[in-house]
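With the first letter of the sequence shown counted as 1, position 3 gets the number 15 in my numbering; the numbers rise by one all the way through. All residues carry an ideal CB built from backbone N, CA and C; glycine is no exception. Remember, it's a predicted structure, so these values are computed and weren't measured experimentally. Below is one structure, written out as structure tokens; the observations come after it.
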Amino acid sequence: MNTVENKIADEIHGCIVCAKLFNVLSVYTPDGKLLDCTVTSPGGHIVPDEHQPLVACDIHTEEEVKSAHKRWLSKTGKAFDAEQEDE
Ligand SMILES: [Zn+2]
Numbered sequence: 013m014n015t016v017e018n019k020i021a022d023e024i025h026g027c028i029v030c031a032k033l034f035n036v037l038s039v040y041t042p043d044g045k046l047l048d049c050t051v052t053s054p055g056g057h058i059v060p061d062e063h064q065p066l067v068a069c070d071i072h073t074e075e076e077v078k079s080a081h082k083r084w085l086s087k088t089g090k091a092f093d094a095e096q097e098d099e
């Protein structure tokens with residue numbers, strides 16, 4: 013059995029609702045997949061996402077966070093798929 017170590021990264025991410033910055037501790041597998049992440053600054057929490065550590069302040073409602081997440085996903089989806097479409 014291989015003993016492969018996960019990579020721990022200290023990152024800074026902005027709240028997806030209001031862009032306030034939080035420190036985030038992320039754990040990646042050796043092949044770069046996001047395994048786990050935790051907000052280390054007070055007042056914020058992780059927004060579950062398969063691909064990226066995303067954070068939101070505790071003060072936002074679930075609905076605010078959800079719609080911001082949706083907006084965020086459509087924005088990044090566009091950046092990856094349809095670079096030619098510039099609005
Ligand atoms: Zn916020």
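Check: Span of the beta strand (DSSP E) holding Ser38?
Finding: Numbered from its first residue, the sequence shown carries residue 38 at position 26. It spans 33-40 - the beta strand (DSSP E) in which Ser38 sits, taken as one unbroken run.
Item to complete: Report all residues from its chain with a CB closer than 8 Å to the CB of Val29; omit the five preceding and five following residues, and keep chain order.
Response: On the sequence shown, residue 29 is found 17 positions in, with the first residue counted as 1. These residues qualify, in order along the chain: Ala68, Cys69, His72, Glu76, Val77, Ala80.
Query raised in the report: Whose beta carbon lies closer than 6 Å to any heavy atom of ligand 1, going through the chain in order?
Result: Cys27, Val29, Cys30, Lys32, Ala68, Cys69, His72
Of the choices Lys19, Leu66, Glu74, whose alpha-carbon is the least far from that of Thr52? Position 40 of the sequence shown holds residue 52. The candidate whose alpha carbon is nearest that of Thr52 is Leu66.
| request: With Lys45 as the anchor, note down where its beta strand (DSSP E) starts and where it stops. | output: Translated into the one-based positions of the sequence shown, residue 45 becomes position 33. That residue, Lys45, is in no beta strand (DSSP E); it is neither H nor E in DSSP.
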